[in-house]
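Here is the structure we will look at.
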């Protein structure tokens, strides 16, 4: 099997897996002591979160049907709204908390940042859930039983909804998103290399004719 068939699945799996690794180091609570790690982790996250949506959208590349457009639009909605959460509640709230210094009480402004960040992130989470449900079903219908592990996209997105990238739920969720995306890309890339019962019968009939 050419290396290129492995390269794309690995590339598409990387965003989710990278977020899973980052989640292992993400503090569970924002305090002055955790604030520097909190906001600095979210800076590279600003680059990686949208790539999860891009990887999902790539699985329907070249298609113009309604399902493909639903996947693209929901992946885009996830990427934009979840990036807003990253910027506001991650970078913004973390940076402000750090700059306030040790012992400072959290001002109402920081709480308001979390409120709007959470609301925007929730839109992104629901968009991600819609995206993976539609995509997972579509891929199983198109690719067959080999695509069944791709259904792990759904619990992956749900765990992100429940736990962001916090361990353990968020780490497991982003890892599942990465692995399932890579798996579906691999199944699509190797589809022609593994003859199905139907294609074998067709080939035999052609040869006998």
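Numbering (my numbering), first residue to last: 957 to 1165. Where a beta carbon is used, it is the ideal one built from N, C-alpha and C, also for glycine.
In the same chain as residue 1092, and ignoring 5 residues on each side of it, the C-beta atoms closer than 7 Å to its own belong to 1106, 1107, 1109, 1110, in chain order. Burial state of residue 1057 is exposed, judged by a 10 Å Cβ sphere holding fewer than 16 other Cβ atoms. In this structure, residue 965 lies away from residue 1004, with their beta-carbon atoms at least 8 Å apart. In terms of Cα proximity to residue 1146, the closest of 1113, 1100, 1125, 1055 is 1100. Rounded to whole angstroms, the separation of the alpha carbons of residue 1055 and residue 963 is 42 Å. Judged by their CB atoms, residue 1038 and residue 1073 are not nearer to each other than the 8 Å cut-off. Under the 8 Å Cβ criterion, the stretch 1059 to 1068 does not count as touching the stretch 1021 to 1039, having fewer than three qualifying pairs.
Between the C-alpha atoms of residue 1095 and residue 1053 there is a straight-line separation of about 44 Å.
A distance of 8 Å or more separates the beta carbons of residue 975 and residue 1049.
A straight line joining the alpha-carbon of residue 1019 with that of residue 1075 spans about 32 Å. Counting along the chain, no alpha helix (DSSP H) covers residue 1061, and no H or E run does either. Annotation: the continuous alpha helix (DSSP H) that includes residue 993 extends over 988 to 1014.
Per DSSP, residue 1141 is one residue of the alpha helix (DSSP H) stretching across 1125 to 1145.
Counted as a single uninterrupted DSSP element, the stretch harbouring residue 1103 is not any alpha helix (DSSP H), since DSSP gives it neither H nor E. For residue 1057, no alpha helix (DSSP H) run applies, since DSSP gives it neither H nor E. When DSSP states are grouped into helix, strand and coil, residue 1070 belongs to the helix group. Restricting attention to 1143, 1121, 1142, the CA atom closest to the CA of residue 973 is found in 1121. If you draw a straight line from the Cα of residue 1124 to the Cα of residue 1021, it is about 37 Å long.
Taking the CA atoms as reference points, residue 1040 sits about 24 Å from residue 989. Nearest Cα to residue 1028 within the set 991, 1083, 1114: 1083.
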